[in-house]
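**Q**
Residue numbers (our numbering), protein chains in the order written: chain A, 2 to 112; chain B, 287 to 399.
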C-alpha cells in the first residue's frame, strides 16, 4: 500500500532558526514528489517538484531534496511569513496522474 | 487568471439533504480531482477524471458522485448528506503530462448538521 508520512506534525521556530521538515514515502513507481504550502482557509499552493534521488530545488529560504525513501524541506533563516502548513504529495505510476498527500507539517515562525 | 474556481465557499446542510459542489477550470487541463481535507488527516482523494466522460474512484468515494461532461467542469454531488461528510472540499486540476503540478481551488467548507 502506498504511504506518505510527514514529520513533525507541528514545528515552532524562532525567526532566523533554521530547520527541516521530513516526508517519507513507501510507493511503487514514483513519478514525482511535490511540496505544497497551504495558508489557513486557502487551497494548497505549489512549491516544488522532485523526480529523482539526489535532486535539489531552491526557492528563497526553502530548499527541497529527495532520496529514494524520503524528501526534506529545509527552511533557512525563516521569517514569520513562512508560517503555514507544508504538504508533501507523491504521484505514482497507476491510472491517472493522482496525487497522494501526507498529513502535513504546521510551521509557526515566531518573531 | 481564474485557474480553478469552486462554489460555494461555505455551506451548511441538514442530514439527508443533497447538494452539488461546483468546480470549473480555465487552463484546459485534462485531469481533475476532488479531495476532502479533515483536521489532522491530510487531503484524501474522492474521485478523479482523466477527461470528459471518464471518471474513477479515489480513496474515499462512498457517499459521493461525480460527472465530467466538459473539460472545464467537474461537479461533486452529495446525495444524502451525513455528519461524516463535514469537511473542507478541494477541487484541483493538472495537465496530462507526467510530473506537472496540480492547481487547487480555494475550497468549500461544508458542515452537515
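Where is the CB? At the ideal position from N, CA and C, for every residue including glycine.
Every value quoted in this text rests on a predicted model; they were computed, and no experiment measured them.
Counting Cβ pairs closer than 8 Å, one from the stretch 71 to 84 of chain A and one from the stretch 311 to 321 of chain B, do we hit at least three?
**A** With the cut-off at 8 Å, the stretch 71 to 84 of chain A and the stretch 311 to 321 of chain B do not touch.
**Q** Verify the contact flag: residue 380/B, CB atom, against every heavy atom of the ligand PLP, threshold strictly below 8 Å.
**A** For the structure depicted, the ligand PLP is absent and the ligand set is empty, with no information on it obtainable.
**Q** For chain A, is any of its Cβ atoms less than 9 Å away from the one on residue 389/B?
**A** If you number the second chain from 1, residue 389/B lands on position 103. With 9 Å as the cut-off, residue 389/B counts as an interface residue toward chain A.
**Q** For chain B, check one thing: does any of its Cβ atoms lie closer than 9 Å to the Cβ of residue 33/A?
**A** Here residue 33/A corresponds to residue number 32 of the first chain, with the count starting at 1. At least one chain B Cβ lies under 9 Å of residue 33/A.
**Q** Taking only three categories from DSSP, how would you classify residue 371/B?
**A** The residue labelled residue 371/B in the question sits at position 85 within the second chain. Of the three classes helix, strand and coil, the one that applies to residue 371/B here is helix, per DSSP.
**Q** Apart from the five residues just before and just after residue 32/A, which ones in its own chain have a Cβ nearer than 7 Å to its Cβ?
**A** Against the first chain, residue 32/A aligns to sequence position 31. Once the five neighbours on either side are set aside, the close Cβ partners of residue 32/A are 92, 93 and 94.
**Q** Nearest CA to the CA of residue 333/B: which residue from 300/B, 290/B, 378/B and 369/B?
**A** Here residue 333/B corresponds to residue number 47 of the second chain, with the count starting at 1. Taking only the C-alpha atoms, the option nearest residue 333/B is 378/B.
**Q** Closer than 7 Å between beta carbons: that is the criterion. Which residues of the stretch 44 to 60 of chain A meet it against chain B?
**A** Listed by position along the chain: 44, 45, 47, 50 and 52.
**Q** Out of 291/B, 298/B, 311/B and 289/B, which one is the CA nearest neighbour of residue 277/B?
**A** The shown model of chain B, from 287 to 399, leaves out residue 277/B, and the question about it has no answer.
**Q** With DSSP run on the structure shown, which of helix, strand or coil describes residue 387/B?
**A** For this step, residue 387/B is matched to residue 101 along the second chain. Of the three classes helix, strand and coil, the one that applies to residue 387/B here is coil, per DSSP.
**Q** Does any CB atom of chain B fall closer than 9 Å to the CB of residue 4/A?
**A** For the purposes of this step, residue 4/A is taken as residue 3 along the first chain, with counting starting at 1. With 9 Å as the cut-off, residue 4/A does not count as an interface residue toward chain B.
**Q** Looking at the C-beta of residue 90/A, does it have a partner C-beta in chain B at a distance below 9 Å?
**A** Stepping through the first chain from its first residue, residue 90/A is reached at position 89. Closer than 9 Å to some Cβ of chain B, the Cβ of residue 90/A qualifies, so yes.
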